[in-house]
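J.: Submitted below is the structure of interest, expressed as structure tokens.
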Amino acid sequence: MISGTTDPTEGAAVELIIGLVCLVLIVVAVLGFGVSIYNGLVRARNAYRNAFAQIDVQLVRRHDLIPNLVETAKGYLKHERETLEAVINARNAAVNAQATAAAAPGDPAAMQQLSGAENALTATLGRLFALSEAYPDLKANQNMMQLSEELTSTENRVAFARQAYNDAVMAYNNKREVFPASMVAGMFSFGPAELFQPDDPQQRQAPQVSF
1 MISGTTDPTE
11 GAAVELIIGL
21 VCLVLIVVAV
31 LGFGVSIYNG
41 LVRARNAYRN
51 AFAQIDVQLV
61 RRHDLIPNLV
71 ETAKGYLKHE
81 RETLEAVINA
91 RNAAVNAQAT
101 AAAAPGDPAA
111 MQQLSGAENA
121 LTATLGRLFA
131 LSEAYPDLKA
141 NQNMMQLSEE
151 LTSTENRVAF
161 ARQAYNDAVM
171 AYNNKREVFP
181 ASMVAGMFSF
191 GPAELFQPDD
201 PQQRQAPQVS
211 F
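Written out as structure tokens, the structure reads:
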């Protein structure tokens, strides 16, 4: 006579296999989700780094224009050596800060140094242009006019590139701060990125110069 009773050992083995399959599927799903978050953070980081590269291009152009600007002004502002030297010194500091930021885009210390250096450069340029108002021959100099126009155009491009960079940084920071991406960001050292802050409006005002 054949018994219809199911072997308890066989049933337990089937349940164990089903449990293991479910566990493997859960682990695979969790890993897949983690990889997706990681890749998203990498893409967001690459986006703001690429955006900074566009700023870098325009800053190089800005810094390259300034020595020519100072050289042109030198012939007219013979008694304003301190101002001309201040522009060159600020320009050199900005070049160094730019190199540091280009090596680590988004790094808080590097970006703060760059913002400060560019703000200082803008302030010294403001003083130079304020002085040029008292020298009609300098204002009318064709080379000076052309350089001023090119500098203004470049600064506008810097502003557009800076906005794109700041938008990309905000998107990255938002992505890395929300749960569960914050856990992945912490595990793989996705640190916060720093904005490239706009110039201080007070600092951009050229000082009043009396003659």
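When the sequence shown is numbered by this note's numbering, its final residue is 211 and no position is left out of the sequence of numbers. We treat Cβ as the ideally placed atom computed from N, Cα and C, and that holds for glycine.
Regarding alanine 161 and the ligand MN, is the C-beta to nearest heavy atom distance less than 7 Å?
T.: This structure simply doesn't include the ligand MN, nor any ligand for that matter.
J.: Grab me the residues of threonine 124's own chain with a C-beta within less than 6 Å of its C-beta, minus the 5 sequence neighbours each way, in chain order.
T.: Along the sequence shown, read from residue 1 onward, the residue named residue 124 stands at position 124. So the list reads Ala86, Val87, Ala90, once near-sequence residues are dropped.
J.: For the alpha helix (DSSP H) containing proline 108, name the first residue and the last one.
T.: The residue labelled residue 108 in the question sits at position 108 within the sequence shown. Per DSSP, proline 108 belongs to the alpha helix (DSSP H) from 108 to 132.
J.: Measuring CA to CA, which of Arg62, Leu41, Ala13 is closest to alanine 159?
T.: Position 159 of the sequence shown, counted from the first residue, corresponds to residue 159. Selected option, being the one with the closest Cα: Arg62.
J.: Taking all protein chains shown into account, decide if glutamine 202 is buried (16 or more other Cβ within 10 angstroms of its Cβ) or exposed.
T.: Translated into positions along the sequence shown, residue 202 becomes position 202. Its pLDDT being 44, under 50, glutamine 202 is placed unreliably in this model, and the coordinates cannot settle the point.
J.: Work out the CA separation of glycine 19 and asparagine 174 for me, nearest whole Å.
T.: Taking the sequence shown and counting its residues from 1, the one referred to as residue 174 is at position 174. Taking the sequence shown and counting its residues from 1, the one referred to as residue 19 is at position 19. If you take the alpha carbons of asparagine 174 and glycine 19, they lie about 37 Å apart.
J.: Identify whether glycine 75 lies in helix, strand or coil by the three-state DSSP scheme.
T.: Numbered from its first residue, the sequence shown carries residue 75 at position 75. Three-state result, glycine 75: coil.
J.: Counting Cβ pairs, one atom from each stretch, are 3 or more of them under 8 Å apart for the stretch 97 to 112 and the stretch 36 to 50?
T.: yes
J.: If we count the other Cβ atoms within 10 Å of its Cβ and call it buried at 16 or more, is arginine 81 buried or exposed?
T.: As a position in the sequence shown, residue 81 is number 81, starting the count at 1. Its Cβ having fewer than 16 others within 10 Å, arginine 81 is exposed.
J.: What is the rounded straight-line gap between the Cα of methionine 183 and the Cα of alanine 102?
T.: The residue you call residue 183 lines up with position 183 of the sequence shown. The residue you call residue 102 lines up with position 102 of the sequence shown. Each residue's alpha carbon lies about 28 Å from the other.
J.: Please say whether leucine 138 and methionine 144 have beta carbons closer to each other than 8 Å?
T.: Looking up residue 144 in the sequence shown gives position 144. Looking up residue 138 in the sequence shown gives position 138. Against a cut-off of 8 Å, the Cβ pair of leucine 138 and methionine 144 comes out as a contact.
J.: Hey, would you say leucine 41 sits closer than 8 Å to alanine 185, going by beta carbons?
T.: For this step, residue 41 is matched to residue 41 along the sequence shown. For this step, residue 185 is matched to residue 185 along the sequence shown. Closer than 8 Å, so yes.
J.: Just the Cα atoms here: how many angstroms apart are alanine 130 and isoleucine 66?
T.: Position 130 of the sequence shown, counted from the first residue, corresponds to residue 130. Position 66 of the sequence shown, counted from the first residue, corresponds to residue 66. In a straight line, the C-alpha of alanine 130 is about 16 Å away from that of isoleucine 66.
J.: Could you tell me if methionine 1 is buried or exposed, where buried requires 16 or more neighbouring beta carbons within 10 angstroms of its beta carbon?
T.: The residue given as residue 1 occupies position 1 in the sequence shown. Summary for methionine 1: the model assigns pLDDT 44, below 50, so the residue's position carries little reliability, and this model does not support an answer.
J.: Might you give, ordered along the chain, the residues of its own chain that have their beta carbon closer than 6 Å to the beta carbon of arginine 49, omitting 5 neighbours on each side?
T.: What you label residue 49 is simply residue 49 of the sequence shown in a count that begins at 1. Residues of the same chain with a CB within less than 6 Å of the CB of arginine 49, apart from the 5 flanking positions on each side, are Pro105 in chain order.
J.: Which value, in whole angstroms, describes the spacing of the CA atoms of tyrosine 165 and alanine 53?
T.: Indexing the sequence shown from 1 puts residue 165 at position 165. Indexing the sequence shown from 1 puts residue 53 at position 53. Answer to the nearest angstrom: the Cα atoms are 9 Å apart.
J.: To the nearest angstrom, how far is it from the Cα of proline 136 to the Cα of serine 189?
T.: Indexing the sequence shown from 1 puts residue 136 at position 136. Indexing the sequence shown from 1 puts residue 189 at position 189. Taking the straight line joining both Cα atoms gives about 56 Å.
J.: Phenylalanine 160 lies in the alpha helix (DSSP H); which residues open and close that run?
T.: Start at 1 with the first residue of the sequence shown, and residue 160 comes out as number 160. 142 to 177 is the extent of the alpha helix (DSSP H) around phenylalanine 160.
J.: At which residue ranges does the stretch 9 to 36 contain complete beta strand (DSSP E) runs of 3 or more residues, listed in the order of the chain?
T.: none
J.: Which value, in whole angstroms, describes the spacing of the CA atoms of alanine 12 and leucine 31?
T.: For this step, residue 12 is matched to residue 12 along the sequence shown. For this step, residue 31 is matched to residue 31 along the sequence shown. Between alanine 12 and leucine 31, the C-alpha separation is close to 28 Å.
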